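The structure appears below as C-alpha cells.
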Amino acid sequence: MLNPKYGEVILDLAAGTGTSSKAFTKSGAKIISCDFSIGMLQEGKKRYPKLNFSAGDALSLPFQDETFDAVTISFGIRNVNNVEKALTEMLRVTKKGGRIVICEFSTPTIKIFKNIYMEYLMKALPAIAKKTSSNPDAYEYLADSIRAWPNQQDFSSQLKQAN
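Taking the working numbering, the leading residue of the sequence shown gets 72, the next gets one more, and so forth.
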C-alpha cells in the first residue's frame with residue numbers, strides 16, 4: 072500500500088483522468104498525474120483542476136533522476152510495450168529508499184483459485200460484457216491481457232531484475 076505522507080512528492084503513472092491520483096491528495100502529498108494520452112489528461116484537468124497533470128511515456132519519463140518519494144501505477148504496467156524499460160524508468164525517478172507500488176491484475180498461483188478465476192475471466196466476464204457493455208471487445212482484451220501477464224512470483228522476479 073502506498074500510504075502517502077504530507078509533503079511527499081508522488082508520481083502516479085498511467086493516471087488517465089486522475090481518478091486514482093485524487094485519492095492520494097487527502098494526505099497532503101504533492102501528486103503528479105502522468106499519462107501519455109493528451110485526451111485523458113485534458114479530461115482529468117476538467118474533472119480535477121487542482122491536480123498536477125503531466126504528459127509522459129512510462130518508457131521515457133520526463134523527470135530527473137530521484138525526483139519522487141513514491142511512484143505508483145494502477146492497471147497500467149500490463150499495457151506498456153516494454154515492461155522492463157518501464158520498471159527501470161520507475162526506479163530511475165524514485166528517490167533512494169522510496170517506494171514503488173504497482174497494482175495490477177494477475178493469475179492466482181493456488182490451483183483451485185486459479186481454475187475458478189480463469190473460468191470467470193475467460194467465460195463469465197466476456198458473456199456479461201456482451202450483454203452490458205457498449206464495447207465488449209475491450210473486456211475480451213482485458214481477459215486476454217490478464218491471462219498473458221506473469222503470475223505474482225514471475226512478476227516479482229522481473230521487478231528484482233530491473234535496474
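Using N, Cα and C, we set each Cβ at its ideal position, and we do this for glycine too.
The structure presented is a predicted model; accordingly, all values stated were derived computationally and were not measured.
- Distance check between Ser91 and each of Phe146, Gly99, Phe107 places Phe146 closest, using alpha-carbon atoms only.
- At a Cβ-Cβ threshold of 7 Å, Gly115 and Phe107 do not count as neighbours.
- Boundaries of the alpha helix (DSSP H) around Gly110: 109 to 118.
- When the beta-carbon positions are compared, Ile144 and Ala85 come within less than 7 Å of each other.
- Taken atom to atom, the span from the alpha-carbon of Asn206 to that of Asn74 is near 35 Å.
- The three-state secondary structure of Ala141, taken from DSSP, is strand.
- Collapsing the DSSP output to three states places Leu84 in a strand.
- Per DSSP, Ile187 is one residue of the alpha helix (DSSP H) stretching across 182 to 190.
- A residue is called buried when at least 16 other Cβ atoms come within 10 angstroms of its Cβ; Ser216 does not meet this threshold and is exposed.
- Taking the Cα positions, Cys105 is about 6 Å away from Ala126.
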